[in-house]
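Inspection log for the structure reproduced underneath, given as structure tokens.
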Amino acid sequence: MSKVYEYVQDRIIRALEEAIENGGPAPWRKPWKGGMPKNYITKIPYQGINLLLLEGGSYLTFKQIQELQRKNPEVKLKKGSKSYKIYFWKPVERGEGEESEKDREKDRPNFIFRYYNVFHASDVDGIADDTADFINDPIESAERVVSAYKRECQINIKVGSDRAYYNPTLDSITVPSINQYENVTEYYSTVFHEMIHSTGHITRLKRFEDAPGQTIFGSESYSKEELVAEIGANMILSMLGIEDQNQQKNSVSYLHNWLCRIKEDRGLIISASQHAQKASDFILNFIEGEYIENDLKLTEAI
Ligand SMILES: [Zn+2]
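Heads up: the sequence shown is residues -1 to 300, going by the working numbering.
What follows is the structure, given as structure tokens:
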């Protein structure tokens, strides 16, 4: 095991044991803000059923994209982008003659269910990120890891949402945008967490015991996969030398949540760490040679 991985595993076990001794760590807090689905131009949030059907973030109609394109030719809808439907009730205007006696009596409003198509802002090149609550500079080394993984694994990473998850059926990752985070390390922690999940896919490390999408939330294999993802994210951050104490504390709270469901177990952390290590190596291999410097620095510091 690489010295950095060993260090991360031991640090996590120590922090968990310490936290448990002291009555458990502080509750996990969601490290990002906002990102509810809304229109990019009008900023009006979508309502009703749309909230259940849409990812978070901003959306534009094709017409809105064309209008922006007229002002700035850099604006472009990415090839192969899929559209989403926005549903709404449209009042029906009737002519006098069409309105029946019954309708008039009941003063019944007449609406029909309609939809129009929109595109997610992350599928449009050349427009500014409007989900920003904070302003964060991307970390170059971390961005290199993300883009190499995207390129080599042909995986779609949708940025700008109110949620973070990996969809094993579609093999796609969704995360909030970098500027929804107060702490930039937490952003990369989220991205790496979801990337580690995606290494379990059948075309990569085949880690999922159940068929993709069949893993039951709260089951033992689900909990273990959460440990793998969270420990793996910490390993990548350490390899890049971009750890942060607040992120680490929150990470321990997150891990503790999953451990509670399957009893605190040191062995489980170690076995999850082994999978996490394989997954981190899988991801970091795509930038082989670029992170060795941090590895050495950390080794000396231990
Ligand atoms: Zn997860």
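We put the beta carbon where it would ideally sit given N, CA and C, even for glycine. Note that the coordinates shown come from a computational prediction; the quantities given were computed from them, not determined experimentally.
(request) Compare the beta carbon distance of arginine 142 and glycine 54 with 8 Å and say whether it is the shorter of the two. (result) Here residue 142 refers to the residue found at position 144 when the sequence shown is read from its first residue. Here residue 54 refers to the residue found at position 56 when the sequence shown is read from its first residue. Glycine 54 sits away from arginine 142, with the two beta carbons spaced by 8 Å or more.
(message) Under 7 Å: does the beta carbon of histidine 191 sit that close to some heavy atom of ligand 1?
(response) Within the sequence shown, numbered from 1, the residue matching residue 191 stands at position 193. Yes.
(message) For tyrosine 185, which residues in the same chain have their Cβ closer than 6 Å to its Cβ, ignoring the five residues on either side in sequence?
(response) Position 187 of the sequence shown, counted from the first residue, corresponds to residue 185. These residues qualify, in order along the chain: Ile176, Tyr179.
(request) With DSSP as the reference, label histidine 191 as helix, strand or coil. (result) Position 193 of the sequence shown, counted from the first residue, corresponds to residue 191. Helix, per DSSP.
(message) Tell me whether glutamate 224, by its Cβ, gets closer than 7 Å to a heavy atom of ligand 1.
(response) In the sequence shown, residue 224 corresponds to position 226, counting from 1. Checking every heavy atom of ligand 1 against the Cβ of glutamate 224, one is found closer than 7 Å.
(request) State the Cα-Cα distance for the pair isoleucine 133 and valine 182, rounded to the nearest angstrom. (result) The residue labelled residue 133 in the question sits at position 135 within the sequence shown. The residue labelled residue 182 in the question sits at position 184 within the sequence shown. So the two alpha carbons sit approximately 9 Å from each other.
(request) Could you please give the first and the last residue of the uninterrupted beta strand (DSSP E) stretch that includes tyrosine 3? (result) The sequence position of residue 3 within the sequence shown is 5, counting from 1. Segment 1 to 19 is the alpha helix (DSSP H) holding tyrosine 3; no beta strand (DSSP E) there.
(message) I'd like to confirm something about histidine 195: is its beta-carbon nearer than 7 Å to some heavy atom of ligand 1, or not?
(response) One-based indexing of the sequence shown puts residue 195 at position 197. Checking the 7 Å criterion, the Cβ of histidine 195 is within range of a heavy atom belonging to ligand 1.
(request) Mind checking which residues open and close the beta strand (DSSP E) that includes serine 170? (result) Residue numbering aside, residue 170 sits at position 172 when the sequence shown is read from its first letter. Where serine 170 is concerned, the enclosing beta strand (DSSP E) stretches over 170 to 173.
(message) According to DSSP, is proline 210 part of a helix, a strand, or is it coil?
(response) Residue 210 sits at position 212 when you count from the first residue of the sequence shown. Confidence is the limiting factor: at proline 210 the pLDDT is only 49, short of 50, which leaves the residue's position unreliable and the question unanswerable from this model.
(request) Can you grab the Cα-Cα spacing for the pair asparagine 108 / leucine 52, in whole Å? (result) Along the sequence shown, one-based indexing puts residue 108 at 110. Along the sequence shown, one-based indexing puts residue 52 at 54. About 26 Å.
(message) Residues in the same chain with beta-carbon distance under 6 Å from glutamate 298, minus the five sequence neighbours each way, listed in chain order, please.
(response) Taking the first residue of the sequence shown as position 1, residue 298 is located at position 300. No answer about glutamate 298 holds up, because its pLDDT of 43 lies below 50 and its placement is not dependable.
(request) Ignore the nearest five residues each way along the sequence and tell me which others in serine 159's own chain have a CB closer than 6 Å to its CB. (result) Here residue 159 corresponds to residue number 161 of the sequence shown, with the count starting at 1. Counting only Cβ-Cβ distances below 6 Å, and skipping sequence neighbours, we find Gly33, Glu53, Gly54, Gly55, Thr172, Pro174.
(message) With H, G and I counted as helix, E and B as strand and the rest as coil, what does DSSP make of tyrosine 186?
(response) As a working mapping, residue 186 is identified with position 188 in the sequence shown. Three-state result, tyrosine 186: helix.
(message) At the level of alpha carbons, what is the spacing between valine 144 and tyrosine 113?
(response) By one-based count along the sequence shown, residue 144 stands at place 146. By one-based count along the sequence shown, residue 113 stands at place 115. Note on geometry: alpha-carbon atoms of valine 144 and tyrosine 113 lie some 35 Å from one another.
(request) Look up valine 144 in the DSSP assignment and say whether it is helix, strand or coil. (result) Mapped onto the sequence shown, residue 144 falls at position 146. Secondary structure of valine 144 (DSSP, three-state): helix.
(message) Looking only at its chain, what residues have a beta carbon closer than 7 Å to the beta carbon of proline 136, apart from the 5 residues adjacent to it on each side?
(response) Reading the sequence shown from its first residue, position 138 is the one you call residue 136. Result list for proline 136: Ile176, in chain order.
(request) Please confirm whether any heavy atom of ligand 1 lies closer than 7 Å to the CB of alanine 231. (result) For this step, residue 231 is matched to residue 233 along the sequence shown. The beta carbon of alanine 231 sits no closer than 7 Å to any heavy atom of ligand 1.
(message) Taking 8 Å as the threshold (C-beta atoms), are leucine 75 and valine 2 in contact?
(response) Here residue 2 is taken as the residue at index 4 of the sequence shown, counted from 1. Here residue 75 is taken as the residue at index 77 of the sequence shown, counted from 1. Remark: C-beta atoms of valine 2 and leucine 75 do not approach each other more closely than 8 Å.
(message) Taking the alpha helix (DSSP H) that histidine 273 belongs to, which residues open and close that run?
(response) Taking the sequence shown and counting its residues from 1, the one referred to as residue 273 is at position 275. Per DSSP, the unbroken alpha helix (DSSP H) holding histidine 273 starts and ends at 264 to 282.
(message) According to DSSP, simplified to helix, strand and coil, what is phenylalanine 111?
(response) Walking along the sequence shown from the start, residue 111 turns up at place 113. Strand, per DSSP.
(message) Please report the distance separating the alpha-carbon of tyrosine 85 from that of lysine 77.
(response) For the purposes of this step, residue 85 is taken as the residue at position 87 of the sequence shown. For the purposes of this step, residue 77 is taken as the residue at position 79 of the sequence shown. Between the C-alpha atoms of tyrosine 85 and lysine 77 there is a straight-line separation of about 24 Å.
(request) Determine the contact status of alanine 119 and leucine 49, defining contact as a CB-CB distance below 8 Å. (result) To locate residue 119, count along the sequence shown from 1; it is residue 121. To locate residue 49, count along the sequence shown from 1; it is residue 51. No, the Cβ-Cβ distance between alanine 119 and leucine 49 is not below 8 Å.
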